[in-house]
Amino acid sequence: MHSKLIQETDDREIYRRMGLTVKLNGIEVPRNIALLFFSDDPEMAFPGARIEVVHFPEGASGDVLQEWIFRGPLPRQVKDCMTHLKKFIRYSIQKQADSPESSGWVSFPHDALEETIVNAVFHRSYEGTREPTKVYIYPDRIEVTSYPGPMPGLERAHFEAGQRIPLVPARNRRIGEMLKELRLAEARGTGVPKVFRAMAENKSPPPCYEFDEQRTYFTVILPAHEPIVPPF
374 MHSKLIQETD
384 DREIYRRMGL
394 TVKLNGIEVP
404 RNIALLFFSD
414 DPEMAFPGAR
424 IEVVHFPEGA
434 SGDVLQEWIF
444 RGPLPRQVKD
454 CMTHLKKFIR
464 YSIQKQADSP
474 ESSGWVSFPH
484 DALEETIVNA
494 VFHRSYEGTR
504 EPTKVYIYPD
514 RIEVTSYPGP
524 MPGLERAHFE
534 AGQRIPLVPA
544 RNRRIGEMLK
554 ELRLAEARGT
564 GVPKVFRAMA
574 ENKSPPPCYE
584 FDEQRTYFTV
594 ILPAHEPIVP
604 PF
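Residues 374 to 605 in the working numbering are what the sequence shown lists, from first letter to last.
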């Protein structure tokens with residue numbers, strides 16, 4: 374990393390030049406982006422800034438096995454959530470009789486799952502809602518829900534295979550920039566095609582994107598390659 378900021382000795386000046394703080398009435402205060410990315414408890418400023426994971430081993434009508442809550446800076450939430458979700462991924466490797474190579478599949482492709490989690494954290498609102506980002510695990514699918522729905526200009530047809538995502542104004546441009554710096558997002562409208570591609574390469578059913586007419590929620594459904602079963 375080559376930056377003149379490294380040569381700065383005044384921490385406050387570094388934060389200011391990075392756009393993390395602003396001076397109000399002579400006092401240096403953190404911007405929203407700083408609270409979300411560097412605060413140990415961003416929920417103090419933004420209730421709902423967390424990820425909740427719920428496992429339904431018997432399906433939607435069955436009992437909940439366990440719940441997990443991931444808190445802290447947004448990058449840590451994504452990392453901890455993905456680390457936890459790995460235990461629900463099953464692998465199948467098949468030897469080829471006439472070839473030294475092997476083929477196989479996973480229940481949920483890592484790239485599709487990570488991209489979906491990152492997109493939910495990136496594109497949700499952190500103001501005006503106390504609802505967390507929700508990850509529901511069922512035997513035959515994983516559902517990721519965030520609030521509210523997509524920005525105006527994005528329609529259901531845009532979330533189908535082979536479609537181009539219009540470059541509408543981002544709800545959280547600074548969050549996208551920070552995630553891009555951390556190499557968690559590209560912030561170029563490539564996330565949805567990446568999910569479709571990862572699912573297709575794994576020979577999984579295609580993902581499904583859902584939201585209501587009022588755009589109060591946005592749900593991504595990742596079908597399992599084959600139903601996941603306990604124990605975990």
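The beta carbon of each residue, even a glycine, is placed where N, CA and C say it ideally should be.
Leaving out five residues on either side along the sequence, give the residues of the same chain with a beta carbon under 7 angstroms from the beta carbon of residue i.
i      : result
LYS567 : ASP484 and GLU488
GLU599 : SER480
From the DSSP output, which residues share a beta bridge with residue i?
i      : result
PHE443 : ILE424
SER519 : PHE591
LYS507 : GLU425 and THR518
PRO596 : ARG514
SER480 : DSSP lists no partner for SER480.
Along the chain, where does the alpha helix (DSSP H) containing residue i start, and where does it finish?
i      : result
THR388 : For the record, residue 388 in the displayed sequence is Tyr; it is not Thr. Where TYR388 is concerned, the enclosing alpha helix (DSSP H) stretches over 384-390.
ARG570 : 564-574
LEU393 : No alpha helix (DSSP H) holds LEU393; DSSP gives it neither H nor E.
VAL541 : No alpha helix (DSSP H) contains VAL541, which DSSP labels as neither H nor E.
LYS553 : 546-554
VAL494 : 483-496
ILE406 : 405-411
Using the rule of at least 16 other Cβ atoms within 10 Å of the residue's Cβ for burial, across every protein chain shown, is residue i buried or exposed?
i      : result
MET374 : With a pLDDT of 47 at MET374, under the threshold of 50, the modelled position of this residue cannot be trusted; read the value that follows with caution. It counts as exposed.
THR506 : buried
GLU500 : exposed
Tell me whether the beta-carbon of residue i lies closer than 8 angstroms to the beta-carbon of residue j.
i      : j      : result
LEU552 : PHE481 : no
PRO579 : ALA534 : yes
GLU586 : ILE594 : no
ALA597 : ARG514 : yes
ALA433 : TYR511 : yes
TYR590 : GLY522 : yes
Short of 6 angstroms in beta carbon distance, which residues of its chain neighbour residue i, apart from the five on each side in sequence? Order them along the chain.
i      : result
LEU557 : VAL491
VAL508 : VAL426 and VAL517
PHE443 : ILE424, GLN450, ASP453 and CYS454
GLU504 : GLY421 and TYR520
ARG547 : ILE406
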